[in-house]
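A.B. asks: Here it is, the structure in full.
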Amino acid sequence: MSRTVTVKNVIIGEGIPKICVPLIGATLSELKQEAEALKELSPDLVEWRTDFFDEVEDVEAVKSALKQIHSVIPELPLIFTFRSAKEGGEKQVSTEYYIALNIAAAESGLADIIDVELFNEEQDVKLLVETAHIHNVAVIISNHDFHGTPSQEEIISRLRKAQELGGDLPKIAVMPQDAGDVLTLLEATHKMKEQYADRPIITMSMAGAGVISRLAGEVFGSALTFGAAHKPSAPGQIAVVELRNVLSLLHRSL
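The working numbering applies: residue 4 is where the sequence shown begins, and numbers increase by one.
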């Protein structure tokens, strides 16, 4: 059985898949408003998508914003994510800056999890994992394929690589071209969980066709799903309230 990952009082990998909601404000004012609004939605985790932030290329501004976000929602586990443009994010920065930004987040004591993209140089991924773990910060090692859905074998290979590199939560998100691609993702998820995973994994098929993958994690083996508060940060995200209702319904049926 896969071990769980506990962040604050949230146990990822046990029971109903946990719901994470992204903060995508461009300014500090917008971010604080979004964070305040999350109190009513009561997600399990919050992800700050820093690539949406206007001042993301200033480490001190990022650290200051992180401190203020944390002060609004101190009880909620916070994922720090800079999603690169090559993986569907809003901006591209140098490798050196990407590393510095994630190290700053890990060392801040304000982020509970950092998201590190799998397709960086292996030594860079290992450095970020090691730094995060020294500071008791968990790591998502992620891959996002906005162009299509790799084969089942390739999906499993990427998840296993994320696990081997020390990611506490291996993650993959893929884009389906048809319903068959969604089945490929679900089957890969199930096989990974049953045969290879020794920790929780996060998987999803994006866009409208892939919505079922965001709902059926407990059946196939994905431990966390992303819901939208207002504006989604990725194709196919659905509103938190609707997401929670469906996850609860499925859980009662299992």
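Here a beta-carbon is modelled for each residue, glycine too, at the ideal position from N, C-alpha and C.
Bear in mind that the values here come from a model prediction, so they are computed numbers and not experimental data.
I'd like the ranges of any alpha helix (DSSP H) spanning at least 4 consecutive residues and lying wholly in the region 69-151.
C.D. replies: 98-111, 125-137
A.B. asks: If I follow the unbroken alpha helix (DSSP H) through Arg52, where does it start and stop?
C.D. replies: Per DSSP, Arg52 belongs to no alpha helix (DSSP H); it is in the beta strand (DSSP E), 48-52.
A.B. asks: Are Leu227 and Cys23 close, meaning C-beta to C-beta below 7 Å?
C.D. replies: Contact: yes.
A.B. asks: Where Glu60 and His138 are concerned, what is the direct C-alpha to C-alpha distance, given to the nearest angstrom?
C.D. replies: Glu60 and His138 have their C-alpha atoms spaced approximately 23 Å apart.
A.B. asks: Is it the case that the Cβ atoms of Trp51 and Leu26 are separated by a distance below 7 Å?
C.D. replies: yes
A.B. asks: So Ile14 is in the beta strand (DSSP E); what residue range does that whole segment cover?
C.D. replies: 13-15
A.B. asks: Are the region 95-108 and the region 161-169 in contact at 8 Å, needing three or more beta carbon pairs?
C.D. replies: Short answer: they don't touch.
A.B. asks: Suppose you measure from the CA of Val185 to the CA of Leu81; what does that come to, to the nearest Å?
C.D. replies: 29 Å
A.B. asks: When the Cα atoms are used, what is the spatial distance from His147 to Arg86?
C.D. replies: 9 Å
A.B. asks: Given a cut-off of 7 Å, decide if Ala135 and Val128 are closer than it, judged by their beta-carbon atoms.
C.D. replies: no
A.B. asks: Quick one: residues in its chain with C-beta nearer than 7 Å to the C-beta of Ala64, no 5 flanking neighbours on either side, listed in chain order?
C.D. replies: Glu58
A.B. asks: To the nearest whole angstrom, what separates the beta carbons of Ala10 and Ile102, a pair I think is in contact under 8 Å?
C.D. replies: Looking at the sequence shown, residue 10 is not Ala but Val. About 23 Å; that fails the 8 Å criterion.
A.B. asks: With distance defined between alpha-carbon atoms, name the residue in Gly112, Gln95, Leu257 nearest to Phe83.
C.D. replies: With distances taken between Cα atoms, Phe83 lies closest to Gly112.
A.B. asks: I believe Glu125 touches Leu168 by the beta-carbon criterion, under 8 Å. Please report the beta-carbon distance rounded to the nearest angstrom.
C.D. replies: 7 Å
A.B. asks: Cα separation between Gly18 and His254?
C.D. replies: For Gly18 and His254, the distance between alpha carbons rounds to 8 Å.
A.B. asks: Roughly how many whole angstroms lie between the Cα atoms of Gly224 and Ile175?
C.D. replies: 13 Å
A.B. asks: Which same chain residues, not among the five before or five after Leu92, have their C-beta less than 8 Å away from its C-beta?
C.D. replies: Note on identity: in this sequence residue 92 is Gly, with Leu being the wrong assignment. Counting only Cβ-Cβ distances below 8 Å, and skipping sequence neighbours, we find Arg52, Asp54, Phe85, Arg86.
A.B. asks: Considering only residues of the region 182-244, which uninterrupted beta strand (DSSP E) runs meet the minimum length of 3 residues and lie entirely inside it, listed in chain order?
C.D. replies: 205-208, 227-231
A.B. asks: Using 7 Å as the limit for Cβ to Cβ distance, is Ile22 near chain D?
C.D. replies: Here chain D cannot be found, since the structure has a single protein chain.
A.B. asks: What first and last residue would you give for the alpha helix (DSSP H) that runs through Ile159?
C.D. replies: 155-167
A.B. asks: Between the C-alpha atoms of Val243 and Leu218, what's the straight-line distance to the nearest angstrom?
C.D. replies: Straight-line measurement puts the Cα of Leu218 at about 11 Å from the Cα of Val243.
A.B. asks: With DSSP run on the structure shown, which of helix, strand or coil describes Asn248?
C.D. replies: helix
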